[in-house]
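Position in the sequence shown (first residue = 1) + 454 = the working numbering. Yeah, the Cβ is synthetic: ideal placement off N, Cα and C, and Gly gets one too.
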Amino acid sequence: MGAMTLLAVFAHPDDEAFGSGGILARYSEAGMDVHLISATRGESGKITDPDIDPATDVGTLREQELRDACAALGIHEPHFLDYHDSGRHERTRYDDPKALLNVDELEIEAELRPYLTELCPEVMLTFDPHGIYGHIDHIRIHRAATAAFWSAGGVVAEPPRRLFYSAMSRERMQRVQAERPRSPLADLDPGLYGVAEEDFAVVAEVAPWLERKLAAIASHRSQVGPASSFANARTDRDDDAWRSMMSRETFTLGGLRGGFPRGPVDDMFAGM
Ligand SMILES: [Zn+2]
């Protein structure tokens with residue numbers, strides 16, 4: 455049998471880093487094939503670092519940042535679906551037909567199918583149903599990845615066996631809200647957007663891979679600059695509270711073919 459394969463499916467460069475960078479680095483280091491699909495290049499992101507020329511093309515810049523992040527995590531080069539970042543609030547791209555919010559979810563699902571056929575991942579990973587904080591692109595890619603997981607059965611020779619959702623506990627969400635009042639989590643109801651601690655299928659302590667994860671976060675330089683809500687994600691590398699928060703990654707179960715140990719366990723591949 456060849457190496458096990460994990461396929462992570464997210465919407466923007468940097469979606470992989472905060473919630474799952476540690477576990478991606480861990481599986482890569484264990485010799486698994488770890489692939490990442492980003493549906494967009496994060497074109498609507500703001501440049502939050504004054505040292506970056508504001509005239510820089512954001513999509514090109516963030517594509518390179520994601521390549522750097524994947525290198526830091528030790529995973530394969532990212533795959534891009536070529537959709538566009540829908541943006542948020544007053545920057546929402548209602549008029550862009552390639553913006554993820556304007557694309558039929560079935561079309562996104564169909565774009566994912568060849569990756570399932572060719573990479574044969576045993577495990578898939580995407581956002582939880584609320585996209586952590588409700589970003590429309592996160593919800594779109596959650597739905598498309600979930601649909602692709604299920605529609606692969608009987609069609610793809612070796613359909614994925616487990617689908618996990620990157621999810622945040624209510625307690626963690628409240629803590630982020632208290633410590634980072636400008637983050638996208640501000641003003642959200644943790645009772646809706648967070649999940650119960652006992653519902654996690656996998657709780658991973660990723661301290662041994664923390665330096666790789668923090669390097670991946672720092673690779674998203676345009677997004678963690680002084681003007682961002684994660685302004686200190688770079689300087690915070692020595693902050694014990696931040697390190698402890700980033701050392702724990704939590705996942706719910708989104709789909710299953712075959713059994714799964716009674717959770718929570720610390721390994722997505724447990725028992726396989
Ligand atoms: Zn995102």
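Anyone know if the C-beta pair for E497 and H538 falls short of 8 Å? Here the question's residue 497 lines up with position 43 in the sequence shown. Here the question's residue 538 lines up with position 84 in the sequence shown. Yes, Cβ-Cβ distance for E497 and H538 is below 8 Å.
Separation of V660 from A621, as counted between CA atoms: The residue given as residue 621 occupies position 167 in the sequence shown. The residue given as residue 660 occupies position 206 in the sequence shown. Using only the alpha carbons, I get a separation of about 15 Å.
For E563 versus A526, is the C-beta distance shorter than 8 Å? To locate residue 563, count along the sequence shown from 1; it is residue 109. To locate residue 526, count along the sequence shown from 1; it is residue 72. Judged by beta-carbon spacing, A526 lies beyond the 8 Å limit of E563, meaning their Cβ atoms are not closer than that value.
Within 10 Å of its beta-carbon, does S698 have 16 or more other beta-carbons around it, so buried, or fewer, so exposed? By one-based count along the sequence shown, residue 698 stands at place 244. Under this definition S698 is an exposed residue.
Does the segment 502-520 come into contact with the segment 554-568, if we say contact requires no fewer than three beta-carbon pairs (one atom in each stretch) closer than 8 Å? no
Do S683 and R624 have their C-beta atoms within less than 8 Å of each other? Numbered from its first residue, the sequence shown carries residue 683 at position 229. Numbered from its first residue, the sequence shown carries residue 624 at position 170. It is not a contact, given that the beta carbons lie outside the stated cut-off.
Return yes when at least one heavy atom of ligand 1 lies under 7 Å from the C-beta of D582, else no. The residue you call residue 582 lines up with position 128 of the sequence shown. For ligand 1, not one heavy atom lies less than 7 Å from the Cβ of D582.
DSSP-derived helix/strand/coil call for Y537: The residue you call residue 537 lines up with position 83 of the sequence shown. Looking at Y537 - three-state DSSP - the assignment turns out to be strand.
So which of E576, S540, D469 has the shortest CA-CA distance to D723? Within the sequence shown, the letter at position 269 stands for residue 723. Inspection of the sequence shows that residue 723 is occupied by Phe rather than by Asp. Among E576, S540, D469, the Cα nearest to that of F723 belongs to E576.
Burial state of L520, where buried means 16 or more other Cβ atoms lie within 10 Å: For the purposes of this step, residue 520 is identified with residue 66 of the sequence shown, where counting begins at 1. Flag for L520 reads buried.
Here's the rule I'm using: 16 or more other beta-carbon atoms within 10 Å means buried, otherwise exposed. How should G456 be labelled? Mapped onto the sequence shown, residue 456 falls at position 2. Exposed, because fewer than 16 other Cβ atoms sit within 10 Å of the Cβ of G456.
Identity of the residue in Y587, G485, R615 nearest G725 by Cα: Here residue 725 is taken as the residue at index 271 of the sequence shown, counted from 1. Answer by Cα proximity: R615.
Quick one: Cα of I590 to Cα of A611, how far? Residue numbering aside, residue 590 sits at position 136 when the sequence shown is read from its first letter. Residue numbering aside, residue 611 sits at position 157 when the sequence shown is read from its first letter. Distance between the alpha carbons of I590 and A611: 32 Å.
Would R716 be called buried (16 or more neighbouring beta carbons within 10 Å of its own) or exposed? For this step, residue 716 is matched to residue 262 along the sequence shown. Sixteen is the threshold: since fewer than 16 other Cβ atoms of the shown chains lie within 10 Å of the Cβ of R716, the residue is exposed.
Should the segment 510-518 be called in touch with the segment 478-491, which here means at least 3 C-beta pairs below 8 Å? Flag = no, the segment 510-518 and the segment 478-491 do not touch.
Any heavy atom of ligand 1 within a distance shorter than 7 Å of the CB on H543? Position 89 of the sequence shown, counted from the first residue, corresponds to residue 543. No; taking the cut-off as 7 Å, the Cβ of H543 has no heavy atom of ligand 1 nearer than that.
Restricting to Cα atoms, I'd like to know which of H530, P551, P680 is closest to S540. In the sequence shown, counting from the first residue as 1, residue 540 sits at position 86. Comparing alpha-carbon positions, the option among H530, P551, P680 lying closest to S540 turns out to be P551.
Reduced DSSP secondary structure (H/G/I, E/B, other) of D487: Locating residue 487 in the sequence shown gives position 33, where the first residue counts as 1. In this structure, D487 counts as strand in the three-state DSSP scheme.
For G645, which residues in the same chain have their Cβ closer than 8 Å to its Cβ, ignoring the five residues on either side in sequence? Residue 645 sits at position 191 when you count from the first residue of the sequence shown. Excluding sequence neighbours, G645 sits near R624.
How is G648 classed by DSSP in three states: helix, strand or coil? Here residue 648 refers to the residue found at position 194 when the sequence shown is read from its first residue. Coil at G648, not helix or strand.
Reduced DSSP secondary structure (H/G/I, E/B, other) of Y548: As a first step, residue 548 must be located in the sequence shown, where it is residue number 94. It is coil, neither helix nor strand.
Between which two residues does the alpha helix (DSSP H) carrying G513 extend? The residue labelled residue 513 in the question sits at position 59 within the sequence shown. Where G513 is concerned, the enclosing alpha helix (DSSP H) stretches over 512-527.
Contact belief for M578 with V656 at Cβ below 8 Å, rounded distance in angstroms: Against the sequence shown, residue 578 aligns to sequence position 124. Against the sequence shown, residue 656 aligns to sequence position 202. Between M578 and V656 the beta-carbon gap is near 13 Å, outside 8 Å, which marks them as no contact.
Taking the beta strand (DSSP E) that A599 falls in, what are its first and last residues? Taking the sequence shown and counting its residues from 1, one reaches residue 599 at position 145. No beta strand (DSSP E) holds A599; the alpha helix (DSSP H) holding it covers 590-605.
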